[in-house]
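Protein chains: 2
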Amino acid sequence: MQKIDTSYLESLLGYNARRAAVEIIGLFLKRMAVYDLRPVDFSVLSLITHNPGISSRQLCSELNILPPNLVGMINTLEKRELILRKPHPSDGRVIGLHLSEIGIKLMKEAEQTAKDLEDDAASKLTTTERKTLMRLLQKIYN
Amino acid sequence: MQKIDTSYLESLLGYNARRAAVEIIGLFLKRMAVYDLRPVDFSVLSLITHNPGISSRQLCSELNILPPNLVGMINTLEKRELILRKPHPSDGRVIGLHLSEIGIKLMKEAEQTAKDLEDDAASKLTTTERKTLMRLLQKIYN
DNA sequence: TATTGTTATACTCTATAACTATA
DNA sequence: TATAGTTATAGAGTATAACAATA
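First to last, the protein sequences are chains A and B.
Letter 115 of the first sequence, counting from 1, is numbered 115 in the working numbering, and no numbers are missing.
Counting from 1 along the second sequence, just add 1000 to a position and that's the residue number in the working numbering.
And the structure:
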């Protein structure tokens, strides 16, 4: 067999969305390796960055992570001294999550790296096309 | 905490592409459950459909599956009598994969279901927007 | 030597049940 | 009775090394 016909799969939106996501995530893994951050770690730290005091439960529901699977990640980030846990003042069940000074510094760099990486991933798109792509993707999942 | 700010993550192309892919795959899982086909099974069967005689190695490189992980899938599809293995006429190492009559019938239905499901997933998009989205996604990974 | 298909196995990711402390 | 966080554990998905058969 000489050449594989992939035209049917390429006609599917789901296939294309997944291929594009895998492409960008692959680039993410390479560039973020220096910070030892997987996409999920970056997402967690980013939500804590922009929502200081956020709880584990809230992270879980926003990022579609099951609570038992977040525990280890949070412990690891705390051991790396990137985040701090502060008990909620009035609700004894809740522990608020905050970035440490080290975490703030790391995320400042990591978010810049993410921006650069995304610019590279979208280098074949014009600024207008990139905005259009974002808007159409959001129409799919919103 | 009242409301979570997700605007930073939502400004990332990778995040949006992944969210959209997860949304469509979720719909896929529900609708394809009647055929007992996961996305990877559907992709494998679809490539065999449009490329009768394709080898395991070719499936692996097209779908980015590692050879050891394909073995079980192919065995299962053969046990379900959806595919047939035919030794290559001149190359004794290669086994060509083909759909059985049952497999052809199943895939005819499954590909129609995939089309319907994609139409529903993209229901908020105009025909033009949908074409644009596909084109832009392909620019990311090609 | 290189390639195809395969086995065994390890590692990661995701899912479920059940517990405790607090509300 | 419900919720937040946790533990233990099972299952699915993905990875590497190594082998036999064939080229």
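Glycine included, each C-beta is placed from N, C-alpha and C at the ideal position.
Since the structure is predicted, the reported quantities are computational estimates derived from the model, not experimental observations.
#1: Reducing DSSP to helix, strand and coil, say where A/Lys149 ends up.
#2: What distance in whole Å lies between the Cβ atoms of A/Leu97 and A/Ile54, which are believed to be in contact at a cut-off of 8 angstroms?
#3: Any residues in the stretch 1034–1061 of chain B with a beta carbon nearer than 8 angstroms to a beta carbon of chain A? Which ones, in chain order?
#4: Quick check: is the beta carbon of A/Ile104 nearer than 8 angstroms to any beta carbon in chain B?
#5: Excluding sequence positions up to five away, which residues of its chain have a Cβ less than 7 angstroms from the Cβ of B/Arg1130?
#6: Report yes or no: is there a C-beta of chain A within less than 8 angstroms of the C-beta of B/Arg1018?
#7: Compute the distance between the beta-carbons of B/Asn1142 and A/Ile4, then report whether it is under 8 angstroms.
#8: Based on Cα-Cα distance, which residue from B/Leu1013, B/Gly1014, B/Arg1019, B/Leu1045 lies nearest to B/Glu1109?
#9: Can you pull the chain A neighbours of B/Ala1121, defined as C-beta to C-beta under 8 angstroms?
#10: Quick one: what's A/Gly14 bridged to in DSSP?
#11: Which residues does DSSP list as the beta-bridge partners of B/Lys1086?
#12: Measure the CB-CB distance between B/Ala1114 and A/Ile140 and report whether it falls below 8 angstroms.
#13: Would you decide whether B/Pro1039 is buried or exposed? Buried here means 16 or more other CB atoms lie within 10 Å of its CB.
#14: Secondary structure at A/Ile65, three-state DSSP: helix, strand or coil?
#15: Listing by chain order, which chain A residues have their CB less than 7 angstroms from the CB of B/Asp1005?
#16: Quick check: is the beta carbon of A/Leu70 nearer than 8 angstroms to any beta carbon in chain B?
#17: For the alpha helix (DSSP H) containing A/Ala114, name the first residue and the last one.
#18: Should the stretch 19–35 of chain A be called in touch with the stretch 1005–1020 of chain B, which here means at least 3 C-beta pairs below 8 angstroms?
#19: Does the structure place the stretch 1082–1090 of chain B close enough to the stretch 1025–1032 of chain B that three or more beta carbon pairs sit under 8 angstroms?
#20: So the alpha helix (DSSP H) B/Pro1039 belongs to, where does it begin and stop?
#21: In angstroms with no decimal places, state the Cα-to-Cα distance between B/Arg1085 and B/Glu1078.
#22: When burial is assigned at 16 or more other CB atoms within 10 Å of the CB, is A/Thr49 buried or exposed?
#23: What residues in its chain sit with their C-beta under 6 angstroms from that of A/Ser43, if we drop five residues either side in the sequence?
#24: Reducing DSSP to helix, strand and coil, say where A/Ile74 ends up.
#25: Taking the beta carbon of B/Ile1083 as the centre, do at least 16 other beta carbons fall within 10 Å, making it buried, or is it exposed?
To lay it out plainly:
#1: The structure shown has nothing for residue 149 of chain A, since chain A only spans 1 to 142.
#2: If you number the first sequence from 1, residue 54 of chain A lands on position 54. If you number the first sequence from 1, residue 97 of chain A lands on position 97. Indeed, because the Cβ distance is near 6 angstroms, the residues count as touching under 8 angstroms.
#3: Answer set for the stretch 1034–1061 of chain B: Pro1039, Ser1043, Ser1046, Leu1047, Thr1049, His1050, Asn1051, Gly1053, Ile1054, Ser1055, Gln1058.
#4: Walking along the first sequence from the start, residue 104 of chain A turns up at place 104. It does not; no Cβ of chain B falls within 8 angstroms.
#5: As a first step, residue 1130 of chain B is located in the second sequence; it is residue number 130 there, counting from the start. Once the five neighbours on either side are set aside, the close Cβ partners of B/Arg1130 are Ala1122.
#6: Against the second sequence, residue 1018 of chain B aligns to sequence position 18. Cβ-Cβ to chain A under 8 angstroms: yes for B/Arg1018.
#7: Taking the first residue of the second sequence as 1, we reach residue 1142 of chain B at position 142. Taking the first residue of the first sequence as 1, we reach residue 4 of chain A at position 4. Cβ distance not < 8 angstroms, so B/Asn1142 and A/Ile4 don't count as in contact.
#8: Counted from its first residue, the second sequence places residue 1109 of chain B at position 109. Per the Cα distances, B/Leu1045.
#9: As a first step, residue 1121 of chain B is located in the second sequence; it is residue number 121 there, counting from the start. Correct list: Leu13, Gly14, Ile140.
#10: One-based indexing of the first sequence puts residue 14 of chain A at position 14. DSSP lists no partner for A/Gly14.
#11: Here residue 1086 of chain B corresponds to residue number 86 of the second sequence, with the count starting at 1. B/Lys1086 pairs with B/Gly1096.
#12: Against the second sequence, residue 1114 of chain B aligns to sequence position 114. Against the first sequence, residue 140 of chain A aligns to sequence position 140. Against a cut-off of 8 angstroms, the Cβ pair of A/Ile140 and B/Ala1114 comes out as no contact.
#13: Here the question's residue 1039 of chain B lines up with position 39 in the second sequence. Classification of B/Pro1039: buried, given that the 10 Å Cβ count is 16 or more.
#14: The sequence position of residue 65 of chain A within the first sequence is 65, counting from 1. Residue state for A/Ile65 is assigned as coil, using DSSP reduced to three classes.
#15: For the purposes of this step, residue 1005 of chain B is taken as the residue at position 5 of the second sequence. Result: His50, Asn51.
#16: Counting from 1 along the first sequence, the entry for residue 70 of chain A is found at position 70. Taking Cβ atoms only, chain B never reaches closer than 8 angstroms to A/Leu70, which makes this a no.
#17: Within the first sequence, the letter at position 114 stands for residue 114 of chain A. Unbroken alpha helix (DSSP H) run through A/Ala114: 101–121.
#18: yes
#19: no
#20: Reading the second sequence from its first residue, position 39 is the one you call residue 1039 of chain B. In the DSSP annotation of this structure, the continuous segment of the alpha helix (DSSP H) that includes B/Pro1039 starts and ends at 1039–1050.
#21: Translated into the one-based positions of the second sequence, residue 1085 of chain B becomes position 85. Translated into the one-based positions of the second sequence, residue 1078 of chain B becomes position 78. Computed Cα separation, rounded: 8 angstroms.
#22: As a first step, residue 49 of chain A must be located in the first sequence, where it is residue number 49. So A/Thr49 counts as buried.
#23: One-based indexing of the first sequence puts residue 43 of chain A at position 43. Same-chain partners within the cutoff: Leu63.
#24: Your numbering for residue 74 of chain A matches position 74 in the first sequence. Here A/Ile74 sits in helix by DSSP.
#25: The sequence position of residue 1083 of chain B within the second sequence is 83, counting from 1. Buried, since its Cβ has 16 or more Cβ neighbours within 10 Å.
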